[in-house]
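This note's numbering runs 157 ahead of the 1-based position in the sequence shown.
Cβ coordinates follow ideal geometry from the N, Cα and C atoms, glycine included.
Given the structure is predicted, the values throughout are model-derived calculations rather than measurements.
Written out below as structure tokens is the structure these notes cover.
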Amino acid sequence: LMLEALKRTGDFCWHCHTGVYAHTMQIAIRYNTPLIIWGESLAEYASWYSYDEFEEVDETRFNRAMNLGITADDMYEFLNGRVSRRDLYPFAYPPRDELMKIKCRSICLGNYIKWDIKKQVEIIKHELGWEGQEVEGIPPEYDYEKIECQWQGIRDYCKYIKRGYGRTNHLVSIDIRNKRLTREEGWALAEKHDGKRPASLDIFLEKLGLSEKEFVNIVYRHRVEPWQFDQEQVEPGQPLPDMGQWTRG
């Protein structure tokens with residue numbers, strides 16, 4: 158699934174994007190759960206919705222912003238039956254009539270409270286003892302960002318190959334918008350951290366059975382003009398402290 162999605166979209170996380178949203182709704186039906194509350198609105202990151210809209214996390218949103226234009230049925234056809242429909246079930250959004258039977262609503266908490274991730278992180282660190290973790294390719298002060306994803310450094314490197322910016326740019330843009338950083342401070346952080354070759358890339362390529370040249374060529378096919386990626390200018394990134402314990406092959 159990762160390799161097929163990477164080839165077709167330049168993003169190997171189709172199974173994550175679709176599974177998180179589709180399977181949650183399947184479980185809601187199974188256990189008759191009429192209310193699902195998510196976190197922030199997409200208005201935090203994209204222009205699909207505005208802050209003034211009450212965003213429903215529904216099938217329209219799923220198809221618009223989550224599944225990369227590929228349904229579970231599409232993926233079954235792309236793979237020529239190598240993965241069964243049963244195994245693709247968690248990635249298929251359930252029928253609308255089944256959700257209507259349980260009167261299910263799926264909403265964003267960020268539509269009801271001001272979404273301030275830094276304040277929320279501060280609360281859970283001080284009141285719940287939650288701890289952050291270092292993530293590849295971003296400044297250490299963002300130790301709350303995408304720590305659940307082993308391959309976040311690879312995802313951000315893909316973004317850089319395709320678009321010329323990475324996650325640090327994304328994060329400092331939010332802080333600039335919220336007046337926590339100046340543009341100059343944000344630019345300096347992005348210049349320092351974005352665009353480095355993640356140390357985890359070697360492990361990732363082993364798992365997908367790709368050479369680095371094949372990987373870059375696949376991702377670069379999805380670049381956004383006029384950006385030109387120059388692999389010769391890429392510097393190596395630092396490995397994470399626990400990377401030696403990761404499973405390989």
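Could you check whether the Cβ of Glu293 sits closer than 7 Å to any heavy atom belonging to the ligand SAH? Because no ligand of any kind appears in the structure shown, any question about the ligand SAH cannot be addressed here.
Between which two residues does the beta strand (DSSP E) holding Ser330 run? No beta strand (DSSP E) holds Ser330; the alpha helix (DSSP H) holding it covers 324-334.
Of the residues Ile270, Lys275, Asp387, which one's Cα is nearest the Cα of Lys319? Asp387
Asp351 versus Glu382: straight-line alpha-carbon distance, rounded: 19 Å
Below 8 Å, how does it come out for the segment 362-370 and the segment 313-333: are there three or more Cβ pairs, yes or no? no
Within a Cβ cutoff of 8 Å, which residues of the same chain sit near Ala203, ignoring the five residues on either side of it in sequence? Ala222
Classify Glu407: buried if its beta carbon has 16 or more other beta carbons within 10 angstroms, exposed otherwise. Limits of the chain in this structure are 158 at one end and 406 at the other, which puts residue 407 out of reach.
At what residues does the alpha helix (DSSP H) containing Trp344 begin and finish? 340-350
So, is Asn237 buried or exposed, given that buried needs 16 or more other C-beta atoms within 10 angstroms? exposed
Output the boundary residues of the beta strand (DSSP E) element that contains Ile264. 262-265
Span of the alpha helix (DSSP H) holding Trp171? 171-187
Please identify the residue among Pro251, Val214, Thr217 whose C-alpha is closest to the C-alpha of Ala229. Pro251
Just how far apart, CA to CA, sit Gln390 and Glu293? 19 Å
What does the alpha-carbon distance come out to for the pair Glu284 and Ile274? 15 Å
Pro393 - DSSP class collapsed to helix/strand/coil: strand
Around the C-beta of Asn224, are 16 or more other C-beta atoms found within 10 angstroms, so that it is buried, or is it exposed? buried
Kindly list the residues whose CB is nearer than 7 Å to the CB of Ile295, restricted to its own chain and excluding five residues on each side of it in sequence; keep chain order. Glu302, Arg324, Thr325, Leu328, His350
With DSSP collapsed to three states, give me the class of Glu302. coil
Who does Leu192 pair with in a DSSP beta bridge? Arg262
So, are the CB atoms of Leu160 and Trp171 less than 8 Å apart? no
Is Glu213 helix, strand or coil by DSSP? strand
From the DSSP output, which residues share a beta bridge with Arg354? Pro393
With H, G and I counted as helix, E and B as strand and the rest as coil, what does DSSP make of Arg405? coil
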